[in-house]
Amino acid sequence: MKLYFAPMTCSLSPHIVLRELGLPFELIRVNNKTKATADGRDFRDINPKGYVAALALDNGEILTEGPAIVQYLADQVPGNSLAPANGTWERTRLQELLNFITSEIHGGSAPLFNADLPEPVKEIFRQKLFKRLDYLNKNLVQKDYLLNTFGLADAYLFTVLKWLPFFNIDIKNWPELASFMERIEARPSVQAAMAAEEATQPV
Ligand SMILES: N[C@@H](CCC(=O)N[C@@H](CS)C(=O)NCC(=O)O)C(=O)O
């Protein structure tokens, strides 16, 4: 398998999951501006949507969309602790969380990266995001992880909350989220994924 990624983007989530599961993979960097890939291709020929993450399977299939990728990966390792089995109520709860993170946190914070958006518009997105962070903060009171044990939703939430400093949002305003971030960042898989991404050459 090949994971097409760009450093510090949402592709960190499947990258962490690959390492947690111990699956073999190749990491291929994408320049998100030029769409050049480290293996000498135009990324749009791999993912016509033009955004990371994209997972190239050994059978030639390309899988995109973070929540789908991480669930596919977990399903390659039956009995793993990152995702409840398909078809169970617990799996539905995981999907509920992944969808919340992708639409409300990932999608909800994306406009804050846009330098062309006027400040009052950004403030609307910021206030909406704060409500979602309040919700998550309450959810994590006396809990180490979003579900019972570390799993797919935690890797994804960690990835998107790593962007908060870019928006000058201080995670310390949400103490449970702040300790969640420390807890997840301390995991060997997370340390290894961030180090591996940083060690790649720019394309
Ligand atoms: N819906 C996609 C969104 C992926 C996405 O937002 N990727 C960003 C990085 S976090 C990207 O590559 N943006 C570059 C672009 O859109 O040109 C998913 O959940 O995987």
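What the sequence shown shows, in the working numbering, is residues 683 to 885, in sequence order. Note that CB positions come from ideal geometry on N, CA and C, so glycine has one too. Computed from a predicted model, the values in this text were never measured in an experiment.
Residue i: buried (16+ other C-beta within 10 angstroms of its C-beta) or exposed?
i	result
K844	buried
Y817	exposed
I751	buried
T841	buried
T719	buried
V699	buried
G748	buried
W771	exposed
DSSP three-state label for residue i, please.
i	result
D721	coil
A735	coil
F707	coil
I851	coil
V885	coil
V752	helix
V712	strand
A874	helix
T831	coil
G789	helix
I696	Per the sequence shown, the amino acid found at residue 696 is Pro instead of Ile. Note: P696 maps to helix in three-state DSSP.
Considering residue i, what are the terminal residues of the alpha helix (DSSP H) in which it resides?
i	result
K825	Where K825 is concerned, there is no enclosing alpha helix (DSSP H), given that its DSSP letter is neither H nor E.
L745	Looking at the DSSP string, L745 is not in any alpha helix (DSSP H); the run it does join, the beta strand (DSSP E), is I744 to T746.
F840	L834 to L843
P857	P857 to E867
Q777	W771 to F782
Does any heavy atom of ligand 1 sit closer than 7 angstroms to the C-beta of residue i?
i	result
G704	no
Y733	yes
A792	yes
H697	no
N762	no
A688	yes
T784	yes
T746	yes
N714	yes
T691	yes
Which first and last residues belong to the beta strand (DSSP E) in which residue i is found?
i	result
L685	K684 to F687
Write down the C-beta distance between residue i and residue j rounded to the nearest angstrom, noting that I regard them as a contact closer than 8 angstroms.
i	j	result
V734	V885	The Cβ separation is near 12 angstroms, so there is no contact.
I710	L685	7 angstroms
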